[in-house]
Amino acid sequence: SWFLLGITFGDGYSLSAFTGFVSVKKLQDRKVYMVAIPAVIQAGSEAKLCASLLQPNETLVMTISLIANGQNKSILQESSDQEFHRCFQFQAPHVESDEVQRFKVEIRGETFLSTEERKVMIKPYSPMTFVQTDKPIYNPGQTVQFRVITLDTSFSPVNQLYNIVELEFATFDLDPGYTTFDLGPGFALL
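So the sequence shown is residues 21 to 210, counted in our numbering.
Right, here's the structure in full:
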């Protein structure tokens with residue numbers, strides 16, 4: 021889900037939508053802007069936000085920041101007197117556990133000022149690795165074939181290099197296999 025921040029349009033009306041809630045109120049200016057950000061962002065990922073500025077009648081500066089623990093990290097500062105619709109990539113912060121942070125959007129001109137803040141959840145990166153064997157039971161001396169796949173929280177394959185794969189069985193331990201293999205698009209067959 022995404023948050024929409026600060027839409028002002030038409031004859032001085034504004035629309036704000038936040039996870040299904042919509043409000044419309046009359047404003048005196050005709051400035052038009054919108055910023056869309058994800059409601060939940062994966063830590064350390066390349067996240068995306070989209071911003072629009074429609075029919076400005078003066079030069080406006082759009083500043084978007086992420087605020088956490090009193091620290092204000094600037095994500096975007098865009099100055100324009102022209103209409104634009106663009107999406108921007110930014111690096112999400114690393115966190116150890118779920119953390120609520122705030123996005124701050126400020127639109128400033130000589131005769132216009134709008135500031136809004138919204139909360140966003142930053143979730144730590146926690147991929148899952150699965151190992152599948154070609155059959156459930158082996159007799160002594162049989163070759164074991166297996167597949168390893170690592171999925172991210174969206175269940176998409178992760179392109180990750182493993183330097184060591186160590187298999188441990190219930191009745192005895194195997195020496196670690198020091199084989200380096202690359203999952204490529206997400207799969208490797210050993």
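Each residue gets a CB set at the ideal place from its N, CA and C atoms; glycine is no exception.
- Inter-residue Cα distance where the pair is residue 84 and residue 71: 10 angstroms
- Decide if residue 148 is buried, meaning its Cβ has at least 16 other Cβ atoms within 10 Å, or exposed. exposed
- Item | Reduced DSSP category for residue 91 - H, G, I as helix; E, B as strand; rest coil | strand
- Task: Decide yes or no for the touch test of the stretch 118 to 130 against the stretch 161 to 178: beta carbon pairs closer than 8 angstroms, at least 3 of them.
- Result: no
- Item | Sequence-distant residues of its chain with Cβ nearer than 6 angstroms to residue 105 (five each side left out) | 72
- Output the distance between the C-alpha atoms of residue 160 and residue 173, rounded to the nearest integer angstrom. 37 angstroms
- Name the DSSP bridge partner or partners of residue 53? 73
- If you count every other CB in all the chains shown that lies within 10 Å of the CB of residue 76, and 16 or more means buried, which is it? buried
- Message: In chain order, what are the residue ranges of uninterrupted beta strand (DSSP E) at least 3 long that sit wholly in the stretch 152 to 185?
- Response: 166 to 171
- Message: Taking only three categories from DSSP, how would you classify residue 36?
- Response: Low per-residue confidence applies at residue 36: pLDDT is 45, beneath 50, and the placement is therefore not dependable enough to give any value.
- Message: On the criterion of 16 or more Cβ atoms from any shown chain inside 10 Å, does residue 175 qualify as buried, or is it exposed?
- Response: exposed
- Using the rule of at least 16 other Cβ atoms within 10 Å of the residue's Cβ for burial, across every protein chain shown, is residue 112 buried or exposed? buried
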